[in-house]
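K.L.:
Protein chains in written order, with my numbering: chain A, 19 to 357; chain B, 3 to 316.
The beta carbon of each residue, even a glycine, is placed where N, CA and C say it ideally should be.
Before I ask anything, let me first share the structure, which is written out below as structure tokens.
This is the structure we're talking about:
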């Protein structure tokens with residue numbers, strides 16, 4: 019039953035042609051249903067074999083998208099094989115399309131009012147809750163990171179622990195960043211002059227390809243901590259930990275739509291997001307060679323853009339507040355003192 | 003379906019009218035819902051979509067029916083009706099602006115010479131609970147102020163209690179008060195409960211002299227659902243076959259996206275026929291729909307998804 023990448027590519031093409039035909043829905047759904055789960059056979063280290071030995075059929079996971087609090091398959095019905103660095107098949111992930119990106123932006127926009135309107139303290143509580151849920155799934159994340167990066171289990175555990183700590187670190191910043199990035203300004207006149215940072219809006223985040231969990235957490239947490247909502251394109255090479263993170267987010271009081279996760283080809287998803295008029299900012303950290311082109315597309319609607327750092331980023335180092343302040347707008351209020 | 007222009011003695015008494023309306027074939031509810039749902043799956047893309055969007059824009063009755071309507075808001079709406087997208091002169095203008103009767107004069111002033119009609123709701127919109135004299139005075143005032151189209155509501159209380167003759171006579175009286183103005187009769191299908199009632203109310207209104215039959219006021223939910231529009235389109239189709247008169251249909255309320263609008267157009271084409279794909283015979287009552295149509299239009303032209311920040315608030 020294991021499909022080679024080539025054969026999957028072919029059926030993906032078939033899926034596309036079917037999708038264009040008006041009557042193609044039935045055929046498409048069928049394909050998607052049989053397409054995703056059964057191809058997990060080869061690798062997956064510390065998972066089902068033990069259970070299978072007891073004469074049970076393994077219950078395998080279908081890796082789907084996370085949009086508006088739900089886990090849909092790609093609208094296009096496509097999926098793509100995710101492999102470990104040695105080329106062994108890990109699972110199939112949904113191959114999101116331009117329209118999935120559009121739907122994700124709609125969901126993020128809808129969630130923005132509620133999420134940005136929460137008190138910073140409450141956002142911090144919700145994010146801390148996410149960390150609690152992450153902690154409970156540490157083993158599962160360690161397995162997935164170990165498989166995706168072909169690193170020893172202990173190293174993977176350390177990376178997952180670092181990701182959880184990073185999440186807690188940003189959770190703590192939610193109600194403190196306003197004092198750091200804003201405050202009272204001394205002005206020459208009878209006014210109180212106060213600056214407060216406000217979230218930018220919907221942020222499209224391109225997660226770094228090299229660190230599937232720690233890198234993703236490091237770019238995602240600061241965006242939502244300050245009250246933005248996010249459309250995240252997960253690492254194309256290793257999207258599985260990201261999908262599992264979405265499951266954590268879905269079960270930890272984070273309102274649906276605050277984080278929307280897409281898996282698929284960066285080259286297909288990034289350009290429409292960069293040009294989308296309802297996206298307010300781009301985090302190009304994982305955009306790689308596309309970064310310049312995307313920044314150009316973003317100029318059409320004056321988006322705020324965070325450029326990728328030069329050279330290789332050490333994701334384990336303490337990040338500082340740059341990523342928090344990157345997606346904040348400063349509102350300044352002049353108020354007469356009334357003398 | 004009846005095959006005479008107006009059956010003799012139709013309105014001789016409430017009993018004869020009742021016998022006629024209850025003699026209309028019943029609507030297959032499940033069938034209507036399935037047919038509407040089936041047609042809603044049609045995929046309209048690229049050039050066909052571009053055409054549908056432009057047609058839908060030309061069919062929009064741009065509506066503002068709030069207690070808080072200021073003269074300024076009516077003028078702003080009028081400006082938007084003439085140039086829906088100020089950045090793109092190729093966007094066609096909408097069919098009409100629909101306002102309350104006391105705002106007609108302002109709208110007429112703002113739209114003079116633009117080719118956009120002014121429609122006015124009248125007859126104690128949206129409830130319709132007022133004495134006939136008040137309804138007629140409301141109508142006459144709106145027509146005198148220059149409204150080219152009058153949207154009246156039927157007396158649902160009378161209709162539901164079986165007093166069809168009262169509803170009929172009210173429509174004919176308002177029609178008379180309209181003079182040259184077009185009369186759209188709002189059935190408020192959300193309050194009529196069954197599709198059978200929708201069919202009966204449609205025929206009643208058409209016999210009484212309506213130029214358009216309109217689904218809803220927009221103040222009651224559910225409003226313009228696809229099966230209801232389907233039933234009404236069947237009614238106008240059959241009415242033309244029976245009498246030779248062509249009546250228009252106007253769904254209003256709940257149509258907010260381009261997808262909804264295009265689904266309605268598909269329904270028109272498949273049920274009533276392509277003859278009805280014309281702003282003179284099919285209108286869409288809406289306010290927020292127009293922005294979505296403009297966004298989709300820009301998306302087709304530029305390939306870039308639009309955002310509401312770039313369109314007017316309304």
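Less than 6 Å between C-beta atoms, sequence neighbours within five positions excluded: which residues of the same chain meet that for residue 222(A)?
P.N.:
Numbered from 1 along the first chain, position 204 holds the residue referred to as residue 222(A). Excluding positions up to five away in sequence, the list reads 249, 291, 297 and 300.
K.L.:
Starting from the beta carbon of residue 306(B), find every residue of chain A whose beta carbon is closer than 9 Å, and list them in chain order.
P.N.:
Residue numbering aside, residue 306(B) sits at position 304 when the second chain is read from its first letter. Correct list: 290, 293, 294, 295, 315, 318 and 319.
K.L.:
Tell me, to the nearest whole angstrom, how far the beta carbon of residue 153(B) is from that of residue 124(B); I am working on the premise that it is less than 8 Å.
P.N.:
Translated into positions along the second chain, residue 153(B) becomes position 151. Translated into positions along the second chain, residue 124(B) becomes position 122. That pair is a contact at about 7 Å.
K.L.:
Identify the contact partners of residue 1(B) in chain A, using a Cβ-Cβ distance below 7 Å as the criterion.
P.N.:
Given that chain B is displayed from residue 3 to residue 316, the structure contains no residue 1(B) and the question cannot be resolved.
K.L.:
Going by C-alpha distance, which of 173(B), 144(B), 54(B) and 69(B) is nearest residue 2(B)?
P.N.:
No information on residue 2(B) is available, as it lies outside the stretch 3 to 316 that chain B covers here.
K.L.:
Let me check understanding here. Comparing Cα to Cα, which of 254(A), 203(A) and 189(A) lies closest to residue 166(A)?
P.N.:
Residue 166(A) sits at position 148 when you count from the first residue of the first chain. That would be 254(A), whose Cα lies nearest to the Cα of residue 166(A).
K.L.:
Between residue 226(A) and chain B, is there a C-beta pair that is closer than 8 Å?
P.N.:
As a working note, residue 226(A) is residue 208 in the first chain. So no, residue 226(A) is outside the interface.
K.L.:
Verify the CB distance criterion: does residue 309(B) have a CB-CB separation below 8 Å to chain A?
P.N.:
Position 307 of the second chain, counted from the start, is the residue given in the question as residue 309(B). With 8 Å as the cut-off, residue 309(B) counts as an interface residue toward chain A.
K.L.:
Reducing DSSP to helix, strand and coil, say where residue 300(B) ends up.
P.N.:
In the second chain, residue 300(B) corresponds to position 298, counting from 1. DSSP places residue 300(B) in helix when its eight states are reduced to three.
K.L.:
Cβ of residue 96(A) less than 8 Å from any chain B Cβ?
P.N.:
Within the first chain, numbered from 1, the residue matching residue 96(A) stands at position 78. Cβ-Cβ to chain B under 8 Å: no for residue 96(A).
K.L.:
Would you check if there are 3 or more beta carbon pairs closer than 8 Å linking the region 164 to 173 of chain B to the region 139 to 147 of chain B?
P.N.:
No, the region 164 to 173 of chain B does not touch the region 139 to 147 of chain B.
K.L.:
Residues of chain B with CB under 8 Å from residue 120(A), in chain order?
P.N.:
The count along the first chain starts at 1 and reaches residue 120(A) at position 102. Near residue 120(A) (Cβ distances below 8 Å), the residues of chain B are 307.
K.L.:
With H, G and I counted as helix, E and B as strand and the rest as coil, what does DSSP make of residue 306(B)?
P.N.:
Sequence index remark: in the second chain, residue 306(B) carries index 304 (1-based). Three-state DSSP puts residue 306(B) in coil, outside helix and strand.
K.L.:
For residue 15(B), is the classification buried or exposed, using 16 other Cβ atoms within 10 angstroms of its Cβ as the cut-off for buried?
P.N.:
Taking the second chain and counting its residues from 1, the one referred to as residue 15(B) is at position 13. Flag for residue 15(B) reads exposed.
K.L.:
Thinking residue 210(A) and residue 202(A) are a contact (beta carbons under 8 Å), I'd like their distance in whole angstroms, please.
P.N.:
Here the question's residue 210(A) lines up with position 192 in the first chain. Here the question's residue 202(A) lines up with position 184 in the first chain. Yes, they are in contact, since the Cβ atoms of residue 210(A) and residue 202(A) sit about 7 Å apart, within 8 Å.
K.L.:
Expressed to the nearest angstrom, what Euclidean distance is found between the alpha-carbon atoms of residue 268(B) and residue 90(A)?
P.N.:
If you number the second chain from 1, residue 268(B) lands on position 266. If you number the first chain from 1, residue 90(A) lands on position 72. One C-alpha to the other measures close to 28 Å.
K.L.:
Along the beta strand (DSSP E) that carries residue 353(A), what are the first and last residues, could you check?
P.N.:
The count along the first chain starts at 1 and reaches residue 353(A) at position 335. Run containing residue 353(A): 346 to 354, per the beta strand (DSSP E) assignment.
K.L.:
Express the C-alpha separation of residue 232(A) and residue 122(A) in angstroms, rounding to a whole number.
P.N.:
In the first chain, residue 122(A) corresponds to position 104, counting from 1. In the first chain, residue 232(A) corresponds to position 214, counting from 1. About 23 Å.
K.L.:
Determine the extent of the alpha helix (DSSP H) in which residue 240(B) is found, giving its start and end residues.
P.N.:
Indexing the second chain from 1 puts residue 240(B) at position 238. Where residue 240(B) is concerned, the enclosing alpha helix (DSSP H) stretches over 228 to 245.
K.L.:
Between the region 267 to 285 of chain B and the region 297 to 314 of chain B, can you find at least three pairs of beta-carbon atoms closer than 8 Å?
P.N.:
Counting C-beta pairs with one atom in each stretch, the region 297 to 314 of chain B and the region 267 to 285 of chain B have fewer than three that are closer than 8 Å, which means they do not touch.
K.L.:
Measure the C-alpha to C-alpha separation of residue 157(B) and residue 130(B) and round it to an integer number of angstroms.
P.N.:
Numbered from its first residue, the second chain carries residue 157(B) at position 155. Numbered from its first residue, the second chain carries residue 130(B) at position 128. The alpha-carbon atoms of residue 157(B) and residue 130(B) are separated by roughly 6 Å.
K.L.:
Is the beta carbon of residue 341(A) sitting closer than 8 Å to the one on residue 240(A)?
P.N.:
One-based indexing of the first chain puts residue 341(A) at position 323. One-based indexing of the first chain puts residue 240(A) at position 222. In contact: residue 341(A) and residue 240(A) (Cβ atoms closer than 8 Å).
K.L.:
Please look up how many angstroms separate the CB atoms of residue 215(B) and residue 257(B), rounded, as I've assumed it's under 8 Å.
P.N.:
Your numbering for residue 215(B) matches position 213 in the second chain. Your numbering for residue 257(B) matches position 255 in the second chain. Beta-carbon to beta-carbon, residue 215(B) and residue 257(B) are separated by about 16 Å, too far to satisfy the 8 Å threshold.
K.L.:
Within 7 Å: the Cβ of residue 323(A) and any heavy atom of the ligand GTP?
P.N.:
Among the components modelled here there is no ligand, and therefore nothing to report on the ligand GTP.
K.L.:
Classify residue 66(B) as helix, strand or coil using the three-state DSSP reduction.
P.N.:
Looking up residue 66(B) in the second chain gives position 64. Here residue 66(B) carries a coil assignment [DSSP, helix/strand/coil].
K.L.:
Roughly how many angstroms separate the alpha carbons of residue 287(B) and residue 281(A), rounded to a whole number?
P.N.:
By one-based count along the second chain, residue 287(B) stands at place 285. By one-based count along the first chain, residue 281(A) stands at place 263. Going from the Cα of residue 287(B) to the Cα of residue 281(A) covers about 40 Å.
K.L.:
What are the partner residues of residue 322(A), as DSSP defines its beta bridges?
P.N.:
As a working note, residue 322(A) is residue 304 in the first chain. Residue 322(A) pairs with 299(A).
K.L.:
Jot down the residue ranges of each uninterrupted beta strand (DSSP E) in the region 169 to 200 of chain B, minimum 3 residues, whole runs only, in chain order.
P.N.:
184 to 188
K.L.:
How about the region 313 to 332 of chain A and the region 157 to 177 of chain A: do they share at least three Cβ pairs that are nearer than 8 Å?
P.N.:
no
K.L.:
In its own chain, which residues sit with a C-beta less than 6 Å from the C-beta of residue 44(B), not counting the 5 before and 5 after it?
P.N.:
Here residue 44(B) refers to the residue found at position 42 when the second chain is read from its first residue. Here the set comprises 268.
K.L.:
In the structure shown, what three-state DSSP assignment does residue 262(B) receive?
P.N.:
Residue numbering aside, residue 262(B) sits at position 260 when the second chain is read from its first letter. Reduced to three states, the DSSP call for residue 262(B) is helix.
K.L.:
Pull up the distance between the alpha-carbon of residue 226(A) and that of residue 303(A), whole angstroms please.
P.N.:
Within the first chain, numbered from 1, the residue matching residue 226(A) stands at position 208. Within the first chain, numbered from 1, the residue matching residue 303(A) stands at position 285. About 6 Å.
K.L.:
Provide the residue(s) that pair with residue 119(B) in DSSP beta bridges, ordered along the chain.
P.N.:
What you label residue 119(B) is simply residue 117 of the second chain in a count that begins at 1. Partner(s): 98(B).
K.L.:
Under the three-state reduction of DSSP, which class applies to residue 278(A): helix, strand or coil?
P.N.:
Residue 278(A) sits at position 260 when you count from the first residue of the first chain. Residue state, collapsed to three classes: strand.
K.L.:
Have a look at the DSSP bridge pairing and note the partners of residue 159(B).
P.N.:
Stepping through the second chain from its first residue, residue 159(B) is reached at position 157. Per DSSP, none; premise fails for residue 159(B).
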